[in-house]
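Going by this note's numbering, the first residue of the sequence shown is number 17, and it counts up by one from there. Just so it is clear, CB atoms sit at the ideal spot from N, CA and C, and this is done for glycine as well. Notes follow once the structure below has been shown.
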Amino acid sequence: MARSRVVVVACDKFKGSLTAREVDEAVAAGILAAAPGTEVRIVPIADGGDGTVAALAGAGFDLVPVEVAGPTLEPVAAHYAVRGDLAVVELADACGLLRLPGGRLAPLTSSSRGLGEAVLAAIDGGARTVVLGLGGSASNDGGAGMLRALGARLLDASGAEVPEGGGSLDSLAAIDLSGLDACLQQTEIVVACDVDNPLLGPRGAVATFSAQKGAGPADQELLEAALATYAAAVAETTGRDRAEIVEAPGAGAAGGVGFAALAVLGGRVERGVELLLGLVGFHEALDGADLVVTGEGSFDHQTLSGKAPMGVLQAAREANIRAVVVCGRTTLSPIEAEQAGAAHVRALTDLEPDPERCMTNAAELLSQLGGELG
């Protein structure tokens with residue numbers, strides 16, 4: 017008796033339309049409608065940014081609700097994912113761009129405090145390894161808000177607390193770490209990060225990422241100087257070499273949250289996509305597979321820079337398994353897609369040219385594409 021064909025469906029979210037699991041289920045439904053005997057293995061994926069916790073919920077993790085401070089300190093209802101003594105905290109869910117009230121950018125005043133509050137809740141809940149998913153940040157505060165939530169005090173020359181936000185760090189005179197939660201000493205902090213940017217300089221947090229958070233040229237000049245002041249204070253307080261901690265790969269991630277996690281919390285960096293593919297059991301799902309289906313809303317040059325579908329394509333290639341991409345739209349040429357590891361790319365816009373109808377009917381269209389793969 018011939019064995020069933022095995023298809024692994026491992027897609028990221030279609031932003032603004034469907035979660036990763038909803039995308040996977042729509043594609044799987046189409047495959048099974050066309051070929052009922054197929055064994056379909058669903059593996060929702062993420063890269064550490066928006067949707068990471070939701071993807072983990074479909075991979076044996078429990079979701080724990082937690083109320084934290086949003087990027088402008090308004091309370092938001094967030095979640096972290098936990099399995100055993102491992103917790104994954106998603107910055108985007110706690111205090112990222114999607115949490116800005118009315119979508120109004122606040123490059124000078126937004127804070128990473130909510131991330132720290134979620135970390136503290138996870139530790140209080142028994143986590144001894146905490147993974148920080150750092151995509152989708154709204155702040156440029158060097159992780160200062162996160163450190164405050166964990167017990168640090170940031171003081172000006174008069175001994176008063178410096179206001180929240182990266183724009184206020186230019187008045188920082190000293191950092192007091194004596195109040196850091198004692199449990200941090202028994203907690204492993206892992207930074208899930210796919211960028212290697214330093215904190216400062218032409219490839220730093222401000223120069224590379226702050227414009228997308230609303231920082232104009234004058235804001236960027238202020239923020240760069242403020243983060244330099246902050247870095248000097250961290251070096252003095254921790255006794256670590258300033259150049260070493262500023263230049264550490266990943267220090268510039270999420271407006272400098274990577275810097276605080278590495279320099280103050282003693283964290284280590286792991287490639288976000290590789291780490292999360294491991295956590296969701298993707299590599300195990302490849303065993304005996306005949307086809308891998310991956311994708312996201314837009315399959316473009318940003319995907320090639322290390323987003324989750326690229327990690328799937330690379331893993332499929334290494335396992336010598338044919339891989340295809342489904343997406344909302346693509347800007348890549350067939351040659352670029354093939355070089356990335358995709359044998360075939362199918363976009364919703366192939367079926368429905370109108371972008372608005374594509375988003376509204378994404379699940380139905382994905383099932384149609386899935387049927388073509390069945």
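Residue j beta carbon less than 8 Å from that of residue i
i: ASP40; j: VAL69; result: no
i: SER127; j: GLY76; result: no
i: GLY152; j: LEU113; result: yes
i: GLY272; j: GLY158; result: yes
i: ILE139; j: ASP197; result: yes
i: VAL211; j: GLU240; result: no
i: GLY304; j: VAL22; result: yes
i: ALA73; j: ALA97; result: yes
i: ARG393; j: VAL92; result: Beyond the ends of the chain as shown, which are 17 and 390, falls residue 393; an answer cannot be given.
i: ALA277; j: PHE30; result: no
i: SER383; j: ALA45; result: yes
i: ARG164; j: LEU170; result: yes
i: GLY195; j: ALA168; result: yes
i: LEU215; j: PHE275; result: yes
i: GLY344; j: CYS374; result: yes
i: HIS299; j: LEU292; result: no
i: ALA413; j: GLY390; result: In this structure the chain extends from 17 to 390, so residue 413 is not present and cannot be described.
i: VAL104; j: VAL59; result: no
i: HIS95; j: LEU79; result: yes
i: VAL250; j: ALA279; result: yes
i: GLY268; j: GLY220; result: yes
i: ASP28; j: ALA324; result: yes
i: ALA36; j: ALA71; result: yes
i: ARG57; j: VAL24; result: yes
N-terminal and C-terminal residue of the alpha helix (DSSP H) that residue i is part of
i: CYS374; result: 371-376
i: ILE191; result: Looking at the DSSP string, ILE191 is not in any alpha helix (DSSP H); the run it does join, the beta strand (DSSP E), is 190-192.
i: LEU200; result: Counting along the chain, LEU200 falls outside any alpha helix (DSSP H), and DSSP gives it neither H nor E.
i: ALA137; result: 129-140
i: VAL222; result: 221-225
Nearest neighbour of residue i, chosen from the options [CA to CA]
i: VAL207; options: VAL84, ALA154, THR145; result: THR145
i: GLU312; options: GLY86, THR347, LYS229; result: THR347
i: CYS209; options: GLU290, ARG345, ASP186; result: GLU290
i: LEU131; options: GLN228, ILE205, PRO214; result: ILE205
i: ALA356; options: GLU300, GLY283, VAL340; result: VAL340
i: LEU320; options: ILE351, ALA103, SER194; result: ILE351
i: ALA173; options: ASP306, LEU48, PRO60, ASP192; result: ASP192
i: SER226; options: GLN202, THR125, LYS29, THR365; result: THR125
i: SER155; options: GLY142, ARG129, LYS31, PRO52; result: ARG129
i: GLU354; options: ALA332, ALA279, ALA270, LEU188; result: ALA332
i: LEU166; options: CYS199, GLU55, GLY141; result: CYS199
i: GLY288; options: LEU150, ALA190, LEU385, VAL84; result: LEU150
i: ALA335; options: ALA301, THR376, GLY322; result: ALA301
i: ASP235; options: GLU106, ALA122, ASP28; result: ALA122
i: CYS111; options: GLY118, THR88, VAL308; result: THR88
i: ARG19; options: GLU55, ILE47, GLY32; result: GLU55
i: VAL361; options: GLN330, VAL280, VAL342; result: VAL342
i: ALA359; options: HIS317, ILE47, LEU329; result: LEU329
i: ASP306; options: SER314, THR224, ARG338, GLY266; result: ARG338
i: LEU385; options: PRO371, THR376, ALA363; result: ALA363
i: ALA190; options: THR224, TYR246, GLN228; result: TYR246
i: GLU372; options: ASP28, GLN202, GLY32; result: GLY32
i: ALA259; options: GLY53, LEU295, GLY217, LEU34; result: GLY217
i: LEU392; options: GLN202, ILE47, PRO117, LEU34; result: Because the chain spans 17 through 390 in this model, residue 392 falls outside it and cannot be assessed.
Residue i - containing beta strand (DSSP E), residue span
i: ASP78; result: 78-85
i: ALA94; result: 91-99
i: LEU102; result: 102-106
i: ALA208; result: 204-208
i: VAL146; result: 145-149
CB contact check: residue i to chain C, cutoff 8 Å
i: THR224; result: Absent from the structure: chain C. Only one protein chain is present.
Check: residue i C-beta below 7 Å from any heavy atom of the ligand SAM
i: GLU286; result: For the structure depicted, the ligand SAM is absent and the ligand set is empty, with no information on it obtainable.
Complete runs of the beta strand (DSSP E) confined to the region 155-180 [at least 3 residues]: Within the region 155-180, the complete beta strand (DSSP E) runs of at least 3 residues are 169-171.
Complete alpha helix (DSSP H) runs within the region 308-381 (minimum length 4 residues, chain order): Secondary structure remark: continuous alpha helix (DSSP H) runs of at least 4 residues inside the region 308-381, in chain order: 317-320, 324-334, 350-356, 364-367, 371-376.
The region 169-189 in contact with the region 132-146 per 3-pair CB rule at 8 Å: Flag = no, the region 169-189 and the region 132-146 do not touch.
Runs of beta strand (DSSP E) wholly within the region 239-323 (minimum 3 residues, chain order): Qualifying beta strand (DSSP E) stretches, in chain order: 284-286, 307-311.
Segments of 3+ residues assigned as beta strand (DSSP E) that fall wholly inside the region 24-73: Every beta strand (DSSP E) of 3 residues or more that sits fully in the region 24-73 is shown, in chain order, as 55-58.
Sufficient close CB pairs (3 or more, under 8 Å) joining the region 230-244 to the region 182-194: In short, these stretches touch, since the Cβ pair count reaches three.
Touch test, the region 241-260 against the region 281-301, Cβ-Cβ under 8 Å, three pairs minimum: No, because fewer than three Cβ pairs between the region 241-260 and the region 281-301 fall closer than 8 Å, the two stretches do not touch.
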